[in-house]
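K.L.:
Number of protein chains: 2
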Amino acid sequence: MTKFMDVHHGMKGITAEQLEAVHNADLEQGKAEGVHFEHTWADPETGTVFCLSESPSAAAVRRVHERAGHAADEIHRVRLGL
Amino acid sequence: MTKFMDVHHGMKGITAEQLEAVHNADLEQGKAEGVHFEHTWADPETGTVFCLSESPSAAAVRRVHERAGHAADEIHRVRLGL
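Chains Z and X, in that order, give the protein sequences. Position 59 of the first sequence, counted from 1, bears residue number 59 in the working numbering, the numbering being contiguous throughout. Position 70 of the second sequence, counted from 1, bears residue number 152 in the working numbering, the numbering being contiguous throughout.
(1) Are the CB atoms of V131 of chain X and D43 of chain Z nearer to each other than 8 Å?
(2) Could you have a look at R67 of chain Z and say whether DSSP puts it in helix, strand or coil?
(3) Select from Z:M11, Z:H70 and Z:G10 the residue whose C-alpha is nearest the C-alpha of L27 of chain Z.
(4) For a test of the three-state rule: what should DSSP assign to V131 of chain X, helix, strand or coil?
(5) Using a Cβ-Cβ distance cut-off of 8 Å, determine whether K113 of chain X contacts chain Z.
(6) I'd like to check one pair, L19 of chain Z with L162 of chain X: are the Cβ atoms closer than 8 Å?
(7) Excluding the 5 residues flanking W41 of chain Z on each side, which residues of the same chain have their C-beta closer than 6 Å to its C-beta?
(8) Please state whether DSSP places L162 of chain X in a helix, a strand or coil.
(9) What is the DSSP secondary structure of K31 of chain Z, reduced to helix, strand or coil?
(10) Spatial neighbours of F4 of chain Z within its chain, please: C-beta separation below 7 Å, excluding the five flanking residues on both sides.
Next up, the structure:
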């Protein structure tokens, strides 16, 4: 298992309720792929959302986000962390 | 105090030791501005570094990174988080 940070653009004006719905959909869809979304952060002004996950692969993160209805624009394997 | 996620590009091949040095410089420089860097993550393959901080402003985050010798390419005020 490795940590991944994925980034979504174009989500300007996202609300707390919408972020929670997105995160819950990710958690639900992640179960089948063994992906766990630990945290998510959103900047409603620039429309940027960051998701930190533990996942077997970047491909699994991609599939989970696609199935949850919001494909990621970038997926980074953050091998280093402090 | 608000949370910020800033992003640095162009850091391909960054090592664990380099990330620790960068993070320590941020912590040290952050004291004067009241900025606390909580976490940092790096993807050496794409050269992307993410820093999560608590700061009085985006401008303070920008100044701290500049003084530490590595200006941020993006600074997002992540007003929402889960």
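Ideal Cβ positions, reconstructed from N, Cα and C, are used throughout, including at glycine.
P.N.:
With the given structure in hand:
(1) The answer is no: Cβ separation not under 8 Å.
(2) Helix at R67 of chain Z.
(3) Among Z:M11, Z:H70 and Z:G10, the Cα nearest to that of L27 of chain Z is on Z:H70.
(4) If DSSP states are grouped into helix, strand and coil, V131 of chain X belongs with the strands.
(5) Not closer than 8 Å to any Cβ of chain Z, the Cβ of K113 of chain X fails to qualify, so no.
(6) For L162 of chain X and L19 of chain Z, yes; Cβs fall inside 8 Å.
(7) Spatial neighbours of W41 of chain Z in its own chain (CB-CB distance under 6 Å, excluding positions within 5 residues in sequence) are listed in chain order as F50.
(8) Shown here, L162 of chain X sits in a strand according to DSSP, grouped into three states.
(9) Assigned with DSSP and collapsed to three states, K31 of chain Z falls in helix.
(10) Hits under 7 Å: S53, S55, A58, V61, I75, H76, R77 and V78.
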